[in-house]
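Numbering (my numbering), first residue to last: 1 to 211.
Positions of the beta carbon are idealized from the N, C-alpha and C atoms, including for glycine.
Remarks on the structure that follows.
Below is the structure:
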């Protein structure tokens, strides 16, 4: 993981006088927005092996990241080459699916207390289920994925600079530069989001056992 000061060479020269805690805050916010909109940061969760259908599970994440969404779910020992099952949000499930026991899917649930979990509806049990998750830094994160920090430093720095330069009454306020950095950030978000979509593997349907 790379701490926020790894971005300082890309930021501080354009925001003279900005306090480092403020710069860190804007870098964190920019990294969150970048990951949320581009799905640049993905990770496979450790596999689970359900013994029954309809069971609910908590998402397993490290303390510095939080879930954006589930991108892919597979059944099999090799996460990237397993059979895909549907991934649906709790408010998108057609009502008839609740009685279609031949259909396999993972439901991403948003709970009333603000937490999230997932529920697996399966016909194939006792096999590893793998979730590919899109994640982003938490609001209290002090570091960011090292590979992404290196690969997308300019984009995240541009987002942070745009926020800082848009602040009124500061020695580093500069609406013209803020607009330029916003455009750079937006262009990077769209480019990376498109790349992530293109890289997404074609889905293989999960096989339903024949009775």
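So who's on the other strand from residue 190, going by DSSP bridges?
-> Note: residue 190 sits in no beta bridge, so no partner.
Using 10 angstroms around the beta-carbon of residue 155, count the other beta-carbons present and answer buried if the total reaches 16, otherwise exposed.
-> Around the C-beta of residue 155, 16 or more other C-beta atoms lie within 10 Å, and the residue is accordingly described as buried.
Within the chosen definition, does the segment 10 to 28 reach the segment 128 to 136 through at least 3 CB pairs nearer than 8 Å?
-> In short, these stretches do not touch, since the Cβ pair count stays below three.
Taking the C-alpha atoms as reference points, what is the distance between residue 45 and residue 16?
-> Taking the straight line joining both Cα atoms gives about 41 Å.
Do you know how far the Cα of residue 85 is from the Cα of residue 56?
-> A direct Cα-Cα distance of roughly 16 Å separates residue 56 from residue 85.
Quick one: any contact between the segment 27 to 42 and the segment 186 to 194, if contact means 3 or more CB pairs under 8 Å?
-> Using a Cβ-Cβ distance cut-off of 8 Å, the segment 27 to 42 and the segment 186 to 194 are in contact, since at least three pairs of beta carbons, one from each stretch, lie closer than that value.
C-alpha gap between residue 160 and residue 11, whole angstroms | Approximately 8 Å between the Cα atoms of the pair.
Assigned exposure category for residue 82 - 16 Cβ within 10 Å defines buried = Buried.
Figure out for me which residue from 75, 172, 58 has the closest Cα to the Cα of residue 67.
-> The residue with the shortest Cα to Cα distance from residue 67 is 58.
Three-state class that DSSP yields for residue 130 in the structure shown | Judged by DSSP in its simplified three-state form, residue 130 adopts strand.
Leaving out five residues before and five after residue 144 in sequence, what residues of the same chain have Cβ atoms less than 7 Å from its Cβ?
-> Taken in chain order, the residues that qualify are 1, 2, 31, 137.
Note the first and the last residue of the continuous beta strand (DSSP E) segment covering residue 73.
-> It spans 65 to 75 - the beta strand (DSSP E) in which residue 73 sits, taken as one unbroken run.
How should residue 101 be labelled, buried or exposed, when 16 other C-beta atoms within 10 angstroms of its C-beta is the threshold for buried?
-> Interpretation of residue 101 is limited by its pLDDT of 47, a score under 50 that renders its predicted location unreliable; the figure taken from the coordinates is listed afterwards. Answer is exposed; the Cβ neighbour count stays below 16.
Counted within 10 angstroms of its Cβ, other Cβ atoms place residue 179 as buried (16 or more) or exposed = Residue 179 is exposed by the Cβ-count criterion.
Using a Cβ-Cβ cut-off of 8 Å, state whether residue 165 counts as contacting chain E.
-> Of the chains in the structure shown, none is chain E; there is only one protein chain.
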